[in-house]
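**Student:** As given, the protein sequences belong to chains A and B, one line each in that order.
Going left to right, the first sequence walks through residues 3 to 421 as my numbering numbers them.
Going left to right, the second sequence walks through residues 3 to 421 as my numbering numbers them.
Quick reminder that beta carbons are idealized off the backbone N, C-alpha and C, glycines included.
Sharing a structure here in C-alpha cells format.
Number of protein chains: 2
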Amino acid sequence: MSSVYRKVKGGVTAPQKFLSHAVSAGVKNPDVDRLDMALIVSEVSCVAAGTFTINRVKAAPVKVSQTHLRDGDVCAILVNSGNANACTGVKGLEDARKCARVVGKLIGKKQSQVAVCSTGVIGLPMPMVRIEPMLSALTEGLATGEGTAVAKAMMTSDTCHKEISVSLKVGGETVKIGACAKGAGMINPHMATMLCFVTTDAKISKVALNSFVSDAVEVSFNRITIDGDMSTNDSVILLANGASGCKSIRRGTQDAKKFQEALNYVMQEMAKSLVRDGERVTKFVTVNVKGAKSYNDAKKVAEAVANSSLVKCSWNGNDPNWGRIIHAVGYSKAMVKEELIDIHIGGLAACLGGLEANVSMDLLRKKVAGDAFTIDINLNLCEGEYTIYSSDLSPEYVDFNRSEYAYWKQARRDGLTKQ
Amino acid sequence: MSSVYRKVKGGVTAPQKFLSHAVSAGVKNPDVDRLDMALIVSEVSCVAAGTFTINRVKAAPVKVSQTHLRDGDVCAILVNSGNANACTGVKGLEDARKCARVVGKLIGKKQSQVAVCSTGVIGLPMPMVRIEPMLSALTEGLATGEGTAVAKAMMTSDTCHKEISVSLKVGGETVKIGACAKGAGMINPHMATMLCFVTTDAKISKVALNSFVSDAVEVSFNRITIDGDMSTNDSVILLANGASGCKSIRRGTQDAKKFQEALNYVMQEMAKSLVRDGERVTKFVTVNVKGAKSYNDAKKVAEAVANSSLVKCSWNGNDPNWGRIIHAVGYSKAMVKEELIDIHIGGLAACLGGLEANVSMDLLRKKVAGDAFTIDINLNLCEGEYTIYSSDLSPEYVDFNRSEYAYWKQARRDGLTKQ
Numbered sequence: 003m004s005s006v007y008r009k010v011k012g013g014v015t016a017p018q019k020f021l022s023h024a025v026s027a028g029v030k031n032p033d034v035d036r037l038d039m040a041l042i043v044s045e046v047s048c049v050a051a052g053t054f055t056i057n058r059v060k061a062a063p064v065k066v067s068q069t070h071l072r073d074g075d076v077c078a079i080l081v082n083s084g085n086a087n088a089c090t091g092v093k094g095l096e097d098a099r100k101c102a103r104v105v106g107k108l109i110g111k112k113q114s115q116v117a118v119c120s121t122g123v124i125g126l127p128m129p130m131v132r133i134e135p136m137l138s139a140l141t142e143g144l145a146t147g148e149g150t151a152v153a154k155a156m157m158t159s160d161t162c163h164k165e166i167s168v169s170l171k172v173g174g175e176t177v178k179i180g181a182c183a184k185g186a187g188m189i190n191p192h193m194a195t196m197l198c199f200v201t202t203d204a205k206i207s208k209v210a211l212n213s214f215v216s217d218a219v220e221v222s223f224n225r226i227t228i229d230g231d232m233s234t235n236d237s238v239i240l241l242a243n244g245a246s247g248c249k250s251i252r253r254g255t256q257d258a259k260k261f262q263e264a265l266n267y268v269m270q271e272m273a274k275s276l277v278r279d280g281e282r283v284t285k286f287v288t289v290n291v292k293g294a295k296s297y298n299d300a301k302k303v304a305e306a307v308a309n310s311s312l313v314k315c316s317w318n319g320n321d322p323n324w325g326r327i328i329h330a331v332g333y334s335k336a337m338v339k340e341e342l343i344d345i346h347i348g349g350l351a352a353c354l355g356g357l358e359a360n361v362s363m364d365l366l367r368k369k370v371a372g373d374a375f376t377i378d379i380n381l382n383l384c385e386g387e388y389t390i391y392s393s394d395l396s397p398e399y400v401d402f403n404r405s406e407y408a409y410w411k412q413a414r415r416d417g418l419t420k421q
Numbered sequence: 003m004s005s006v007y008r009k010v011k012g013g014v015t016a017p018q019k020f021l022s023h024a025v026s027a028g029v030k031n032p033d034v035d036r037l038d039m040a041l042i043v044s045e046v047s048c049v050a051a052g053t054f055t056i057n058r059v060k061a062a063p064v065k066v067s068q069t070h071l072r073d074g075d076v077c078a079i080l081v082n083s084g085n086a087n088a089c090t091g092v093k094g095l096e097d098a099r100k101c102a103r104v105v106g107k108l109i110g111k112k113q114s115q116v117a118v119c120s121t122g123v124i125g126l127p128m129p130m131v132r133i134e135p136m137l138s139a140l141t142e143g144l145a146t147g148e149g150t151a152v153a154k155a156m157m158t159s160d161t162c163h164k165e166i167s168v169s170l171k172v173g174g175e176t177v178k179i180g181a182c183a184k185g186a187g188m189i190n191p192h193m194a195t196m197l198c199f200v201t202t203d204a205k206i207s208k209v210a211l212n213s214f215v216s217d218a219v220e221v222s223f224n225r226i227t228i229d230g231d232m233s234t235n236d237s238v239i240l241l242a243n244g245a246s247g248c249k250s251i252r253r254g255t256q257d258a259k260k261f262q263e264a265l266n267y268v269m270q271e272m273a274k275s276l277v278r279d280g281e282r283v284t285k286f287v288t289v290n291v292k293g294a295k296s297y298n299d300a301k302k303v304a305e306a307v308a309n310s311s312l313v314k315c316s317w318n319g320n321d322p323n324w325g326r327i328i329h330a331v332g333y334s335k336a337m338v339k340e341e342l343i344d345i346h347i348g349g350l351a352a353c354l355g356g357l358e359a360n361v362s363m364d365l366l367r368k369k370v371a372g373d374a375f376t377i378d379i380n381l382n383l384c385e386g387e388y389t390i391y392s393s394d395l396s397p398e399y400v401d402f403n404r405s406e407y408a409y410w411k412q413a414r415r416d417g418l419t420k421q
C-alpha cells in the first residue's frame, strides 16, 4: 500500500453519487432465489471508458457496450449472471439492446448511455421472459450503499464476492475509487467470465480516463492467468462522475500520477482476487521475470511459465521443480541463454547459470508448499521485466471442468435441448 | 494405407545392413534391470538427417548430435533412457561427446559419426560410472533383427514400445523404412521426451534426405499435442544406407513422391502412437480445420483448440461442448467470422453459422464418448487447412504430474541431493 491512497469501506457505491441495486431474476434457474441482475447508475452525468476481450468470438453485450462507450455518454451498467448471451446471433444483439433501451427509458437516459454485461452459459438465448419484468424493479430500488449486492449478483462459480474501495486526495478534495469484479476460471465450463466495474467521483476527461483504464488493465487483468483460456465476455468498465468536486485530473500531472497509482492498486487487487478464487485453485503464484532482452521477451517468458500445465501441476504437488520452469523458459520464444538463467523460488536460488543451485531441497519444498509464493526468473541479458499472477493446476480443476454441467442442464430446464 | 507401400514386420533393423543392440545399464536406477541403452549402426556408410527441438534450452546430446549431423557422416545412434542429460552444463556436453567418441572407436568410426540421444530426468549429471562400462557390451552385441529391443530401451513413462516398418518399390528394387519412437507426455515430469529414429536402405543424397525428413516431420510430429509443452530433447534422426541397391532417389521424381508418402506414413503412425500412449490419455482426437484465410491461420485455430485445457477437459468428460471449442477458435488470433463458423463432432453438426445446430445431444455425446473421434472446424472464409492430433486432459494426468517423482528420488539415490 502506498501513502497516496488508503483503503476504505465499500465497493462501487463508495464514491459519491453512485446508486445501485440488485435483484433475483432466476436468469439461470427460475427455481433458485439468488441475486443475478444488478444495475449501477451515476446520479450525475459522467464519462466512461472500458476495455473488452480480444477474443474474436465476442458476446452480444460486449459488442453493444463497445458501441455505447464509443458513441454515447454511458452513465449506467446493467449486469446479469447465469447467461453470457454469447453465440446467440442476431437475437442476442437484439436482447442486449432491448435491455439497454428499457433501462435507459426507466432512468430517463438514452439506450446508448447504458452499458450491458452478461456472464454465464454460452450458446443459450437470454430468458427475456424472466429478465424484462425485473428491469423496473432494478431501477426502482436504486440506492446508495448497495454496492456489495452488485458484487454478489455478478458471481457465477466464484466462491466469494469481490469488491474494494480506496480514497485519495486530489487538490485538497477527497476522491474515491470503488470496484467490484467476478472471475472463477479465466473461462468456465461454458461460462464466459471476467467482469470488473469501477466507479469514481473524480473528475476526468474521457481521453484521460481511457488512458488511465488501459494502463491499469495492462498491469492488472492482463497479468493474470488461471487456465490460459480467454473468454468471450471479459469486460472492464469505469465510470467517473466528478461528484467529489475535485478539479479535473489532467494527464501528465502529479494528480494524474496519484490517481493512476490508486487505480492500479484497485484493479490489481481485484485481478489478484480472481486468481485466488480461481476454480479449484490452491496456490497464488507471482512470476517475476527480469533481465530479458525486452519487455515483450519478459512477457513471453512469464506467460510460458505461468501457463505451462506441467509447471502448474508441480506447484499443486508442492514440487520446487525448476527443470519444468526452465524448459518452459526455453520454449517461450524469447531470446535466452541457458547458461545465464537464474531461477529463485520463494527467494531461494533453485537454479543458477542454468544449473542446479546448491540449496536444500527441503527448504525449497517448504516454499512451494505455502499458499502463496514467488518465482523469480532472471535471464541476465538486458533490462526487460514483466510480472504475472498465476495459480496451480489441480486434479480437481480438471474434474470440475470435465463434468457436463451448466449447459445441458440449463438448456433442458428451459426446454431448449433437441433430442 | 496406400498402394505405394505395405507394412512389414520389424522396426529399425528391418531395412538391410542395419544392426542394433540394447542393454541394461541402470542409468536411472542401478537396482532395476531393464533395457535402457541402445545402439543402432549401419554396416555400410550412410547419410543422415535430423530435426530437433526448437526449445532454446537444449539438452547436451541435442547440441552434440546437431553438430555431428551437420559436419560428420553419421552412421550410428546411441540412445539412453533414464537421464536426459539436460541442464547439465559443460559436464553434460563432455559426457555426450565422450559417449560418441568411445562408441565411434569401438565400431571403427569417428566421434562425429555417432549421434547421441538421451531421455529421462532433467538437471542431473549422467551416471557415467554406469554408462561407460556398457558401451563395449553394446557394440559387441550388435546384430540384425534386434530393433524391438531398441524401441524398448528408449521407453520412459511409455506404457508400450513403438515401432513400425514398411516396404516399397523404388525402380524395381524393394526398399524398406523402419522406425521406433518414444513419447509419453510431450514432456514428462522432469522428463525430456520425444525421440524417433528412422532407418532405410534406400539410396538418397544428404540434401534430398534433409528435405524428406523435414516434410515428414511437418505432417507428423509437428501435428501432435498432448499437453502443449515442448521438451528440451525432442529429436528425429533418419539414417539412409542405400543397401537395397536401388538407384538414388532424387527430389522431384516419381520415386521421391513415393518415398515421401511412405516416410510420411511411417512418421505419422509413430506420432499418432505417441498421442495414444500419452500420459493418462483416454481419447485420440483429430482436429481438422478448413476454410481458413491461410495455412497459418488454420494452424493457429487447430493449435488453440487442441491445446485448450477446457476443451480437453470436456473431451475427458464425454461432453460435446462446442461452446468451448468456438471460444478457443475465437482467441486463436486467426481471422474468423463468428457467424460463419461450423463445427462438426464425429461427423455430426454441433454448431452451424456460429449457432447451435439442430442436433440430438445424445448422438453427439455418443461420438465424444468413443476412444477416437474427429472435430471438423470450417471457418468458411478461404482455403487454409490444417490437421492436428490431440488428446483429452484427465484428472489422472494432473495427479500423475503433480507428484514429486523422478527427480528427487533419482538424485537422492545417486547421492546428489543437497540437504
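1. For residue 29 of chain B, which of B:126, B:226 and B:308 has the nearest alpha-carbon?
2. Can you list, in chain order, the residues of its chain whose CB lies under 6 Å from that of residue 376 of chain B, leaving out five sequence neighbours each side?
3. Could you have a look at residue 192 of chain B and say whether DSSP puts it in helix, strand or coil?
4. Where are the alpha helix (DSSP H) runs, 4 residues long or more, that stay fully inside the region 163 to 227 of chain B, in chain order?
5. With respect to the alpha helix (DSSP H) encompassing residue 248 of chain A, which residues constitute its N-terminal and C-terminal limits?
6. Quick one: does residue 333 of chain A have its CB under 8 Å from some CB of chain B?
7. Identify the continuous alpha helix (DSSP H) that holds residue 138 of chain A and give its terminal residues.
8. Anything in the region 74 to 101 of chain B with a Cβ closer than 8 Å to a Cβ of chain A? List those residues in chain order, please.
9. How big is the Cα-Cα spacing for residue 108 of chain B and residue 175 of chain B?
10. Just the C-alpha distance for residue 189 of chain B and residue 60 of chain B, rounded to the nearest angstrom, thanks.
11. Could you list which residues in chain A have their beta carbon closer than 9 Å to that of residue 378 of chain B, in chain order?
12. Which residue marks the beginning of the beta strand (DSSP E) containing residue 78 of chain A, and which one marks its end?
13. Is residue 1 of chain A helix, strand or coil by DSSP?
14. Helix, strand or coil: which one does DSSP assign to residue 122 of chain B?
15. May I ask you to list the residues that DSSP assigns as paired with residue 353 of chain B?
16. Would you call residue 280 of chain A buried or exposed, if buried means 16 or more other Cβ atoms sit within 10 Å of its Cβ?
17. Cβ atoms of residue 213 of chain A and residue 253 of chain A: under 8 Å apart, would you say?
18. Can you confirm whether residue 432 of chain A, when its beta carbon is compared against all beta carbons of chain B, has any partner nearer than 8 Å?
19. Count the other CB atoms, across all protein chains shown, that sit within 10 Å of the CB of residue 267 of chain A; report buried if there are 16 or more and exposed otherwise.
20. State the beta-bridge partners of residue 241 of chain B as determined by DSSP.
21. Just mark residue 63 of chain B as buried or exposed, buried being the case when its beta carbon has 16 or more other beta carbons within 10 Å.
22. Strictly below 7 Å CB to CB, what residues from chain B border residue 328 of chain A?
23. Would you list the one or two residues that DSSP bridges to residue 402 of chain A?
24. Indicate whether residue 393 of chain B and residue 291 of chain B have their beta-carbon atoms separated by less than 8 Å.
25. Tell me which same chain residues have a C-beta within less than 8 Å of the C-beta of residue 343 of chain A, skipping the five on either side of it?
26. To the nearest angstrom, report how far apart residue 319 of chain A and residue 402 of chain B are at their CA atoms.
27. Would the region 34 to 42 of chain B count as touching the region 295 to 306 of chain B if we require 3 or more Cβ pairs under 8 Å?
28. With residue 293 of chain B as the anchor, note down where its beta strand (DSSP E) starts and where it stops.
29. Out of B:204, B:312, B:197 and B:210, which one is the CA nearest neighbour of residue 158 of chain B?
30. Who are residue 380 of chain B's beta bridge partners in DSSP?
31. Hey, out of A:362, A:264 and A:73, whose CA is closest to residue 172 of chain A's CA?
32. Which residues of the region 351 to 365 of chain A have a Cβ closer than 9 Å to any Cβ of chain D? Give them in chain order.
33. Considering only the alpha carbon of each residue, which of B:386, B:397, B:204 and B:398 lies closest to residue 20 of chain B?
34. For residue 301 of chain B, which residues in the same chain have their Cβ closer than 7 Å to its Cβ, ignoring the five residues on either side in sequence?
35. Once DSSP output is grouped into helix, strand and coil, what is the label at residue 37 of chain A?
36. What do you get for residue 8 of chain B, buried or exposed, if any count of 16 or more other CB atoms within 10 angstroms of its CB means buried?
**Tutor:** Considering the structure as presented:
1. B:126
2. 288
3. Residue placement at residue 192 of chain B cannot be trusted, given a pLDDT of 43 that sits under 50; what the coordinates show is reported in the next sentence. The answer is coil: DSSP assigns residue 192 of chain B none of H, G, I, E or B.
4. 208 to 220
5. Segment: none, residue 248 of chain A is in no alpha helix (DSSP H) and carries neither H nor E.
6. yes
7. 137 to 142
8. 88, 89, 90 and 91
9. 33 Å
10. Interpretation of residue 189 of chain B is limited by its pLDDT of 43, a score under 50 that renders its predicted location unreliable; no figure is taken from the coordinates.
11. Residues of chain A passing the Cβ test: none, with the nearest at roughly 18 Å.
12. 78 to 85
13. There is no way to answer for residue 1 of chain A, as the model of chain A reaches only from 3 to 421.
14. strand
15. B:345 and B:358
16. buried
17. yes
18. Missing from the structure shown is residue 432 of chain A; chain A here goes from 3 to 421 and no further.
19. buried
20. B:50 and B:201
21. buried
22. 59 and 89
23. Answer is none; residue 402 of chain A lacks a bridge partner.
24. no
25. 328, 331, 353, 355, 356, 379, 380, 381 and 382
26. 10 Å
27. no
28. 286 to 294
29. B:197
30. B:292 and B:344
31. A:264
32. No chain D appears in this structure, whose protein chains are A and B.
33. B:204
34. 388
35. coil
36. exposed
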